[in-house]
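Colleague: The structure is given below, and queries will be raised subsequently.
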Amino acid sequence: MKNHLKLIIIAWLMTGTTAFGREHPKAPSIRPMAVAGQFYTDDKDSLRAQITQYLEEAKKEDLQTTTAGPDTNQEPATYVQSIIVPHAGYIFSAATAAHAYARLPKDKTYQHIFLLGPSHHVAFDGASVNTAYDYYQTPLGEIRVDRTLAERLVKNNRCFRYEPRAHDREHCLEVQLPMLQVQLDTMPSIVPIIIGTLDFSRLRDIADALKPWYNEDNLFVISSDFCHYPRYDDACRVDKATGEAVANGDIAQLIDTVKAQMQAGVPQLATTACGLCAILINMMMADDDPTATTQHLHYTNSGDSPYGGKEQVVGYHSFVTTRRHATDFTLSEEDRQNLLHIARQSIESQWQGESAGPSDDRQLSPSLTTCCGAFVTLHKNGRLRGCIGHFGSDTPLYKVVSEMAQAAAFEDPRFHPVTLDEMPEISIEISVLTPLKRINDISEFDYGKQGIFIRKGRRSGTFLPQVAEETHWTKEEFLGHCARDKAGIGWDGWKDAELYTYEAILFGE
Numbered sequence: 001m002k003n004h005l006k007l008i009i010i011a012w013l014m015t016g017t018t019a020f021g022r023e024h025p026k027a028p029s030i031r032p033m034a035v036a037g038q039f040y041t042d043d044k045d046s047l048r049a050q051i052t053q054y055l056e057e058a059k060k061e062d063l064q065t066t067t068a069g070p071d072t073n074q075e076p077a078t079y080v081q082s083i084i085v086p087h088a089g090y091i092f093s094a095a096t097a098a099h100a101y102a103r104l105p106k107d108k109t110y111q112h113i114f115l116l117g118p119s120h121h122v123a124f125d126g127a128s129v130n131t132a133y134d135y136y137q138t139p140l141g142e143i144r145v146d147r148t149l150a151e152r153l154v155k156n157n158r159c160f161r162y163e164p165r166a167h168d169r170e171h172c173l174e175v176q177l178p179m180l181q182v183q184l185d186t187m188p189s190i191v192p193i194i195i196g197t198l199d200f201s202r203l204r205d206i207a208d209a210l211k212p213w214y215n216e217d218n219l220f221v222i223s224s225d226f227c228h229y230p231r232y233d234d235a236c237r238v239d240k241a242t243g244e245a246v247a248n249g250d251i252a253q254l255i256d257t258v259k260a261q262m263q264a265g266v267p268q269l270a271t272t273a274c275g276l277c278a279i280l281i282n283m284m285m286a287d288d289d290p291t292a293t294t295q296h297l298h299y300t301n302s303g304d305s306p307y308g309g310k311e312q313v314v315g316y317h318s319f320v321t322t323r324r325h326a327t328d329f330t331l332s333e334e335d336r337q338n339l340l341h342i343a344r345q346s347i348e349s350q351w352q353g354e355s356a357g358p359s360d361d362r363q364l365s366p367s368l369t370t371c372c373g374a375f376v377t378l379h380k381n382g383r384l385r386g387c388i389g390h391f392g393s394d395t396p397l398y399k400v401v402s403e404m405a406q407a408a409a410f411e412d413p414r415f416h417p418v419t420l421d422e423m424p425e426i427s428i429e430i431s432v433l434t435p436l437k438r439i440n441d442i443s444e445f446d447y448g449k450q451g452i453f454i455r456k457g458r459r460s461g462t463f464l465p466q467v468a469e470e471t472h473w474t475k476e477e478f479l480g481h482c483a484r485d486k487a488g489i490g491w492d493g494w495k496d497a498e499l500y501t502y503e504a505i506l507f508g509e
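Residue 120 in the working numbering sits at position 120 of the sequence shown; the count goes up by one each step and never skips.
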C-alpha cells in the first residue's frame, strides 16, 4: 500500500499540476549572455559606469561641434525613429555608438524596440526573429522579449522564421542591450531579428512586414560595423563614401557605392558594411516618408583605438534617423479651398484639354506639398457617384488630390464615368489621411474617429471614418462589412487579418 501511494505521489508530481488541478506555471526561458566578458565587461557596476562615461563624453563632444547636441539639434516636431550603431567590442566601438544612444530621450517610453543585425554564424533565407526566449540576460538585468509579436511575424510573413543558430552565439544584438538599459529610464520589450540574406526582394519583404511598427511608438536599432580589414587610410576613404550614401537615404546610391568600392581593388577589403542588409531594410521602411532624415553622427575605426593596429581595421559609424510627428500636419481654410479647386479643375480638365493641377507648386503652401494620402469622394444630389483614394506618403498632397479626383470621376468601376453635363450637380469631398498605424486589438480602434484598413495577403479594403456616422453600424459590423464587402475576405476575415487605423481631415464643397 505504501509503495502504491508513493507511485501515485510521484505520478502527480510529474504531471506538473497543483492540488487544485492547475498546471504549474512554466518557468520563463532566458537567453544567456553569449559575449559578456569578451565584448563588454560582465561586472554590473563597471559596465554601467563605463557606458555612462561613454554617453557623457558623446554629449560633450556633440555640444562642442558645429552640429548641435542631443537636446538642441532635434526639432520638437521630430522624433528618433532609428539609430545605426556598431557592434564591436566596447573598447573599439562603444564611444561611437554612444553618439547615437545619447540622442534617445531618457524618459521616452517605447512600446517595443526592434533590433536588426546581420548573421555572423549561419546563412539562411530571410529573417530570423527570436521566438524561443522570454528574456535576454545582461549584467544589468533581464529584458523581456515580445514573443507574441515575434510569433505573429513568423505566422503572417513567409520571410520570417526562427533559426536558433542565428541567435544563440550572435553578438551584434546583444552588445546593444546594455547601452539601451543605461540610456533609457524604462526598458520596453524587444524584438530581436537577425537577417540572413542580401537578396533585395527578400529585404523588401522584410521591410514591408515590419513597416507597421515603424512609427513613433517604437524604436529600431540597426546594428552594423562598416568596412572590414583594409589598411587605416583605405578604411577612412571607403567608409566616408559609404557613410555619405547612408546619410543621403538613397538606396540606389548606397548599392552603387558598395558595388564600386568592392570592385575597386582595395587591398584586404572584405565588406563595406557587414550589416548592409539591416541598413537597407531601415532605408526601405523610411523611403516613402519625405520627412525622414538620416544624420551622420560619428566615425572611428579600430585603428583609432590603443588596442587596435593600422594594418587591418574595422570601421564604425553611428547615425540617427528622425521623422516628423504625424500630428503636426494641419490645413488652413485657404488650403482646403485650394484643394477643392484643384480637384474640380482636375476633373474638368478632361474636357477642356488643359493640364490637371497647378503648374507651379511654389505658389502652394507647405501643407499642400507635403506627401500624404487622400481620398476624393464625389456625390450627385446627395448620392455617392465615385470614391477613390491613395494611402501612400510618396506623392505631394496636391498631386494626390488631382489624380484621385480624376480617378473618382472616371475610373471607379462601380459607376459610369462622370459626364460634363453632370458637373453642376457634383459635389466634392476630400479626406486627407494621416499615416497608417498598426493595431493588435480592436480595443485600440477609436470607432467613429478613425478609419480602418484591413489587409490579408494580397487582399485589402478600407472604410473612411465618416462611414461610421453614415451607417450607424456597431464597431464589429463596421469591421465585418469592410472585411467582406471591401477586402473580400469574408465577414469574420478581419479577426486574423492585419488591422490599421488612420484619421482623416474631412472637408467638402
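Glycine included, each C-beta is placed from N, C-alpha and C at the ideal position.
1. For A34, which residues from the same chain have a beta carbon less than 8 Å from its beta carbon, with the 5 sequence-adjacent residues on both sides left out?
2. Go to A98, then tell me how far its beta strand (DSSP E) extends in each direction, as first and last residue.
3. So, with DSSP's three-state summary, where would you put P212?
4. Could you tell me whether any Cβ in chain B is nearer than 9 Å to the Cβ of I342?
5. Determine the burial state of A252: buried for a count of at least 16 other Cβ atoms within 10 Å of its Cβ, exposed for fewer.
6. Answer with buried or exposed for G493, where buried requires no fewer than 16 other C-beta atoms within 10 angstroms of its C-beta.
7. Does Q450 pass the burial test, meaning 16 or more other C-beta atoms within 10 Å, or should it be called exposed?
8. Once DSSP output is grouped into helix, strand and coil, what is the label at T257?
9. Along the alpha helix (DSSP H) that carries Q345, what are the first and last residues, could you check?
10. What number of angstroms, rounded off, separates the C-alpha of R237 from the C-alpha of I281?
11. Would you please state the rounded distance, in angstroms, between the beta carbons of L55 and Q183? I believe it to be under 8 Å.
12. Rounded to whole angstroms, what is the Cα-Cα separation between D146 and V129?
13. So if DSSP puts E142 in a beta bridge, which residue, or which two residues, is it bridged to?
14. With DSSP run on the structure shown, which of helix, strand or coil describes G303?
15. Any contact between the region 199 to 207 and the region 289 to 303? By contact I mean 3 or more CB pairs, one from each, below 8 Å.
16. The beta strand (DSSP E) spanning L198 covers which residue range?
17. Around the Cβ of N440, are there at least 16 other Cβ atoms within 10 angstroms (buried) or fewer (exposed)?
18. Please look up how many angstroms separate the CB atoms of G386 and F415, rounded, as I've assumed it's under 8 Å.
19. Cα-Cα, which of D250, T131, Y398 is closest to Y363?
20. Inspect the beta-carbon positions of A98 and S318 and report whether they are closer than 9 Å.
21. Which same chain residues, not among the five before or five after F410, have their C-beta less than 6 Å away from its C-beta?
22. Using the Cβ count rule (16 or more neighbours within 10 Å means buried), how would you classify Y307?
23. How many Å lie between L506 and G488 at the Cα?
24. Are the beta-carbon atoms of Y79 and T322 separated by less than 9 Å?
25. Which complete alpha helix (DSSP H) runs does the region 381 to 415 hold, if anything under 4 residues is left out?
26. Which complete beta strand (DSSP E) runs does the region 225 to 298 hold, if anything under 3 residues is left out?
27. In three-state DSSP terms, what is S82?
28. Can you name, in chain order, every residue of its own chain whose Cβ lies under 8 Å from the Cβ of F124, other than the five neighbours on each side?
29. For H481, which of helix, strand or coil comes out of DSSP?
30. Terminal residues of the continuous alpha helix (DSSP H) containing L153?
31. From the DSSP output, in three-state form, read off L506 for me.
32. So, is L92 buried or exposed, given that buried needs 16 or more other C-beta atoms within 10 angstroms?
33. Give the range of the alpha helix (DSSP H) segment to which A468 is assigned.
34. In terms of alpha-carbon separation, which member of D256, L269, H112 lies closest to Y214?
35. Looking at C482: is its Cβ nearer than 9 Å to the Cβ of P435?
36. Let me check understanding here. Comparing Cα to Cα, which of V221, S119, V376 lies closest to Q81?
Modeller: Answer, in terms of the structure:
1. D168, R169, E170, H171, E174.
2. Per DSSP, A98 belongs to no beta strand (DSSP E); it is in the alpha helix (DSSP H), 90 to 101.
3. Per DSSP, reduced to three states, the secondary structure at P212 is helical.
4. This model lacks chain B altogether; it includes just one protein chain.
5. Residue burial is scored here from C-beta neighbours: A252 has fewer than 16 other C-beta atoms within 10 angstroms and is therefore classed as exposed.
6. Note on G493: 16 or more other CB atoms within 10 angstroms of its CB, so buried under the neighbour-count rule.
7. With at least 16 other beta carbons inside 10 angstroms of its own, Q450 counts as buried.
8. Of the three classes helix, strand and coil, the one that applies to T257 here is helix, per DSSP.
9. Note, Q345: alpha helix (DSSP H), 333 to 352.
10. Here the C-alpha atom of R237 lies approximately 24 Å from the C-alpha atom of I281.
11. Taking 8 Å as the upper bound for CB-CB distance, L55 and Q183 are in contact here, some 6 Å apart.
12. Per the coordinates, the alpha-carbon of D146 lies some 10 Å from the alpha-carbon of V129.
13. DSSP lists Q137 as partners of E142.
14. For G303, the three-state secondary structure derived from DSSP is helix.
15. As far as the Cβ criterion goes, the region 199 to 207 does not touch the region 289 to 303, which means the pair count is below three.
16. Counted as a single uninterrupted DSSP element, the stretch harbouring L198 is not any beta strand (DSSP E), since DSSP gives it neither H nor E.
17. Flag for N440 reads exposed.
18. Rounded, the Cβ-Cβ distance is 5 Å, consistent with contact.
19. Here residue 363 turns out to be Gln, not Tyr, going by the sequence shown. Between Q363 and the set D250, T131, Y398, the nearest pair of CA atoms involves Y398.
20. Yes.
21. If we look at F410 and ignore the five residues flanking it on each side, its Cβ neighbours are P417.
22. Exposed is the label assigned to Y307, since fewer than 16 other Cβ atoms lie within 10 Å of its Cβ.
23. If I take the Cα positions, the gap works out to 26 Å.
24. With respect to T322, Y79 sits close: the two C-beta atoms are nearer than 9 Å.
25. Within the region 381 to 415, the complete alpha helix (DSSP H) segments of 4 residues or longer fall at 397 to 410, listed in chain order.
26. Counting only runs of 3 or more, we get nothing.
27. Judged by DSSP in its simplified three-state form, S82 adopts strand.
28. Once the five neighbours on either side are set aside, the close Cβ partners of F124 are R161, E163, A166, G196, T197.
29. Looking at H481 - three-state DSSP - the assignment turns out to be helix.
30. Segment 147 to 156, the alpha helix (DSSP H) holding L153.
31. Assigned with DSSP and collapsed to three states, L506 falls in strand.
32. According to the sequence as given, residue 92 is Phe; it is not Leu. With 16 or more neighbouring CB atoms inside 10 Å of its own CB, F92 falls in the buried class.
33. Run containing A468: 466 to 471, per the alpha helix (DSSP H) assignment.
34. If you compare the alpha carbons of D256, L269, H112 with that of Y214, the shortest gap goes to H112.
35. Annotated as distal: C482 and P435, with beta-carbon spacing of 9 Å or more.
36. Distances from the alpha-carbon of Q81 to those of V221, S119, V376 put V221 closest.
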